[in-house]
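S.K.: Each residue of the sequence shown is one higher than the one before, counting from 14 in this note's numbering. In this text, a Cβ means the ideal position worked out from N, Cα and C, and glycines have one as well. First the structure, then my questions, so here it is.
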Amino acid sequence: MMKIREKIYRIIETAEGDNLPSKVYDSFMMITIFVSLIPLAFKGSNVVFRHISIITAGVFIVDYILRLLTADYKMQKKAASFLLYPFTPMAIIDLVSILPSLMIISGSFKLFRLFRLVRTFRVFRVFKTVRYSKNIAIIMNVFRKNKDAFMVVSWLAVGYVLTAALLIFNLEPQTFDTFFDAVYWAVISLTTMGYGDIYPVTTVGRIITILSAFVGVAIVALPAGIITAGYMEELKNMTEE
Numbered sequence: 014m015m016k017i018r019e020k021i022y023r024i025i026e027t028a029e030g031d032n033l034p035s036k037v038y039d040s041f042m043m044i045t046i047f048v049s050l051i052p053l054a055f056k057g058s059n060v061v062f063r064h065i066s067i068i069t070a071g072v073f074i075v076d077y078i079l080r081l082l083t084a085d086y087k088m089q090k091k092a093a094s095f096l097l098y099p100f101t102p103m104a105i106i107d108l109v110s111i112l113p114s115l116m117i118i119s120g121s122f123k124l125f126r127l128f129r130l131v132r133t134f135r136v137f138r139v140f141k142t143v144r145y146s147k148n149i150a151i152i153m154n155v156f157r158k159n160k161d162a163f164m165v166v167s168w169l170a171v172g173y174v175l176t177a178a179l180l181i182f183n184l185e186p187q188t189f190d191t192f193f194d195a196v197y198w199a200v201i202s203l204t205t206m207g208y209g210d211i212y213p214v215t216t217v218g219r220i221i222t223i224l225s226a227f228v229g230v231a232i233v234a235l236p237a238g239i240i241t242a243g244y245m246e247e248l249k250n251m252t253e254e
C-alpha cells in the first residue's frame, strides 16, 4: 500500500526529469482545467456544457482525493499531514474550484442570481495550473525567495497611492466626489493606464498626475526586474543541477 501511494504521489506531483507518467498527468490536468473554463465564455448553458462540468468536476475530485491520500509524502508531517493538507493554499483552491460544479449539478442553488455567483467561482480553476506548470512553479519560487523585496515595493505603492489620493481629494473636491474615486485615480495614474474617465482639471492636480506617472514607472519596473533576475537565477540553478 505504501509503495502504491508513493507511485501515485510521484505521478500527481509536477513532473521532474524523465518521469513520463507525471508529464502525461500534468498535461492531462492542464487540458482539463482549460476545457472546464469553456462554459464560462458563454452566457447561456446547454447539454454539452453540463456534461463538461460533470466530467471535469469528477476529474478534479479524483485529483483532490489522490492528493489527500498522499499528503504525508508532500508535507512530511506523518499523520498530521492528512489534517493539515486541506488547509494549504493549493488544496483550498482545489476545493473552491470543485464545489461550484457540484452545487450547480445538484441544483442546491435554485435562484438564478446565486447560480451566477457560484458559476463565477469556477474561474478559480485557473489557479490550479500553478501546480502543473514547471515555469509557473519557478515563478512562484521567485516570489517566495524575494517576498521581502516584494513586500517593500507593495508598501511603497500603497503608501504613494494613499498619499496621492489624499492630496488630490483635498485639492479638487469638485472633481472627486468620494475618496474611493481619488484612490481609483491614483492607482490608474500610478500604473500609467490613464483611462481618462476621472482626471484633475487644475494645474496643481495635473502636476500631481505627472509626478504620479513618473513614480509609477519606477514602482512598476522594480518588481519586473526582481522577477526577471530571480527567474534567470532559477533557470541557472536548474541547469547546474
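Among T101, F100, L82, which one has its Cα closest to the Cα of A92?
M.R.: Considering only alpha carbons, the answer is L82.
S.K.: Could you give the C-beta distance for Y77 and I46, rounded to a whole number, given that I count them as a contact under 8 angstroms?
M.R.: Contact flag wrong, Cβ pair sits at about 13 angstroms.
S.K.: Sorted by chain position, which residues of the same chain lie with C-beta nearer than 7 angstroms to D161's C-beta, five sequence neighbours on each side aside?
M.R.: Answer for D161: no residue qualifies.
S.K.: Can you find the residues in the same chain that come closer than 7 angstroms, C-beta to C-beta, to I201, ignoring five residues on each side of it along the sequence?
M.R.: G207, Y208, listed in sequence order.
S.K.: Whole beta strand (DSSP E) runs in the region 155 to 222 with 3 or more residues, listed along the chain?
M.R.: Qualifying beta strand (DSSP E) stretches: none in this window.
S.K.: Given a threshold of 16 other Cβ atoms within 10 Å of its Cβ, counted over all protein chains shown, does I17 qualify as buried or as exposed?
M.R.: By the neighbour-count rule (16 or more Cβ atoms within 10 Å), I17 is not buried but exposed.
S.K.: Within the region 53 to 125, note down every full alpha helix (DSSP H) run reaching 4 residues or more, in order along the chain.
M.R.: 60 to 82, 84 to 88, 93 to 97, 102 to 119, all fully within the region 53 to 125.
S.K.: Using beta-carbon positions only, say whether T205 and V165 come within less than 8 angstroms of one another.
M.R.: Their beta carbons are not under 8 angstroms apart, which means T205 does not touch V165 by this criterion.
S.K.: So what does DSSP say about D39, is it helix, strand or coil?
M.R.: Note: D39 maps to helix in three-state DSSP.
S.K.: Only counting the same chain, and skipping five residues up and downstream in sequence, which positions put a Cβ closer than 7 angstroms to that of A195?
M.R.: Excluding positions up to five away in sequence, the list reads A178, I181, F182, F189.
S.K.: Which same chain residues end up closer than 8 angstroms to Y98 when comparing Cβ atoms and leaving out the 5 residues on each side of it in sequence?
M.R.: So the list reads R80, L81, A84, K87, M88, A104, once near-sequence residues are dropped.
S.K.: Just checking my contact of I239 with N148 at CB under 8 angstroms: how many whole Å lie between their CB atoms?
M.R.: With 8 angstroms as the limit, I239 and N148 do not qualify as a contact, their Cβ atoms being about 17 angstroms apart.
S.K.: Out of S49, K36, K20, point me to the one whose CA is closest to H64's CA.
M.R.: That would be S49, whose Cα lies nearest to the Cα of H64.
S.K.: Once DSSP output is grouped into helix, strand and coil, what is the label at N148?
M.R.: It is helical.
S.K.: E185 and V214 - do their beta-carbons sit closer together than 8 angstroms?
M.R.: Yes. Within cutoff.
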